[in-house]
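Written below as structure tokens is the structure these notes are about.
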Ligand SMILES: Cc1ncc(COP(=O)(O)O)c(C=O)c1O
């Protein structure tokens, strides 16, 4: 164990680190380097933060550096500043018509907390609906909606009024049905039970949904499910909040992941890649929802000028290169998926391959027939890849997410996939 890790363990409360001992030192483009100078291909985007490349890109870094020498913090909820206005104007160009009013914060959880409060304020209703396997953050409000792993919630309640419903996780249908014959029974369940027995539909302020569940296992729902959820919101008067913190910002090839389903939300939350590597959260509401009373919600660091300078450079980069970014994300996603599909044919432990663009999950099972989660095999694959210079992150119980920077070169992508396939082959043989 390195000296850094030993000292770290005595100083910090444990977080989620358990998979491998990576001590980050520097990075650029497709690669991250550890404290010994060892190079790793990044297939994690450092949890979907480096969509535009490891350590952002030169435009993002230069914008942040310039701003540090001008003014770092401007107390943006008390005073005014030009950069956040420019940022919001630029981001509006990437959002559906009718948006938006923005609230700027520092993280995904804070963006979701704001969305919870605004939904209550706009509707004067109390309840929230969220889905099993969802991850919306770890502060009290967002944690109430998170339902991915028991350890994330244990002993932390009570939470606000959140009711959970089954998500359309078709590979492991919670209702034990088969898509498409099921007729999207999980959406019916919401109407019949969640929004009539747990509480009446009239009491729900909002339904929170990740268009693609991230931490819960990279679960992609069928289009009809997402459309039904929108309809349920329309019928009940609840707002639809799309948590795009992990799945948004071009990761699927579209700026918003929800756009892949032909549905528009009432509120979007974003973070991770928005700041290009600096902390930044965004909550953006449909204009017709109106404004909030002065003093009802604010923070100290939201709109921090260094973070906003980086975010503005990043969003301008996306605007300028949108078509190219979208095409290459789709094309690389197709290339990875093709290889994974062929691995699924060859290896018993590859149970399910799913994703849109470069938002891809592979679920490992002991046998294809029994679908028992292959937790040990998943860990072996992560270890093998790490030892061979590929950085990956798990999701759900036995899924690995393949989420490289969208800008990754074909050579790094191929090399990374070779390492991944060797790892899967070894884990499959060692069962
Ligand atoms: C979908 C989603 N929402 C919210 C969050 C919380 O974001 P943060 O860790 O920035 O608070 C995450 C973090 O992984 C996420 O994936």
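In the numbering used here, the protein residues as written are 19 to 449.
Virtual Cβ for every residue (Gly too), placed ideally from N, Cα, C.
Distance cut-off 8 Å: residue i Cβ against heavy atoms of ligand 1
i, result
"residue 377", "no"
"residue 130", "yes"
"residue 309", "no"
"residue 224", "no"
"residue 153", "yes"
"residue 156", "yes"
"residue 126", "yes"
"residue 264", "yes"
"residue 295", "no"
"residue 414", "no"
"residue 445", "no"
"residue 328", "no"
"residue 228", "yes"
"residue 65", "yes"
"residue 160", "yes"
"residue 325", "no"
"residue 233", "yes"
"residue 332", "no"
"residue 261", "yes"
"residue 299", "yes"
"residue 283", "no"
"residue 290", "yes"
"residue 287", "yes"
Selection from the options that minimises the alpha carbon distance to residue i
i, options, result
"residue 286", "304, 270 and 293", "304"
"residue 369", "378, 382, 361 and 360", "382"
"residue 177", "295, 145, 199 and 190", "145"
"residue 436", "357, 447 and 418", "357"
"residue 2", "263, 101 and 324", "Since the first and last residues shown for the chain are 19 and 449, residue 2 lies out of range."
"residue 20", "30, 54, 50 and 293", "54"
"residue 318", "80, 122 and 218", "122"
"residue 35", "449, 410 and 328", "410"
"residue 344", "254, 271 and 188", "271"
"residue 179", "193, 158 and 173", "158"
"residue 452", "51, 175, 417 and 40", "No answer is possible for residue 452: the residues shown for the chain start at 19 and end at 449."
"residue 430", "415, 362, 363 and 353", "353"
"residue 292", "63, 31 and 51", "63"
"residue 199", "188, 208, 207 and 209", "188"
"residue 336", "105, 88 and 29", "105"
"residue 112", "341, 131, 371 and 360", "341"
"residue 96", "432, 316 and 449", "316"
"residue 379", "385, 414, 387 and 404", "414"
"residue 65", "434, 440, 439 and 419", "419"
Beta-carbon proximity list for residue i, same chain, < 7 Å, skipping 5 on both sides
i, result
"residue 376", "269, 347, 350, 351, 421, 422 and 424"
"residue 101", "323, 326, 327 and 330"
"residue 243", "186, 202, 204 and 205"
"residue 451", "Since the displayed the chain opens at 19 and closes at 449, residue 451 lies outside it and no answer follows."
"residue 257", "137, 140, 141, 223, 224, 251, 284 and 285"
Cross-strand partners of residue i (DSSP beta bridge)
i, result
"residue 419", "379 and 411"
"residue 50", "45 and 58"
"residue 288", "300"
"residue 227", "260"
"residue 148", "182"
"residue 119", "303"
"residue 222", "145"
6 Å Cβ shell around residue i - same chain, five flanking residues per side excluded
i, result
"residue 119", "303"
"residue 82", "324, 327 and 328"
Own chain partners of residue i with C-beta closer than 8 Å, once the 5 adjacent residues on each side are dropped
i, result
"residue 407", "56, 57, 58, 59 and 437"
"residue 365", "442, 443 and 446"
"residue 389", "189, 190, 369 and 383"
Legend entry - Meets three-Cβ-pair contact criterion under 8 Å: the stretch 202–220 and the stretch 160–170: no
Inset, instruction - Examine the Cβ distances between the stretch 63–71 and the stretch 262–281 and report whether three or more of them are shorter than 8 Å. - result: yes
Inset, instruction - Say whether the stretch 231–239 touches the stretch 153–165, bearing in mind that this needs 3 or more beta-carbon pairs closer than 8 Å, one atom from each stretch. - result: yes
Legend entry - Cβ contact check for the stretch 389–406 and the stretch 211–228: 3 or more pairs under 8 Å: no
Inset, instruction - Could you say if the stretch 277–295 and the stretch 246–263 meet the contact criterion of at least three C-beta pairs nearer than 8 Å? - result: yes
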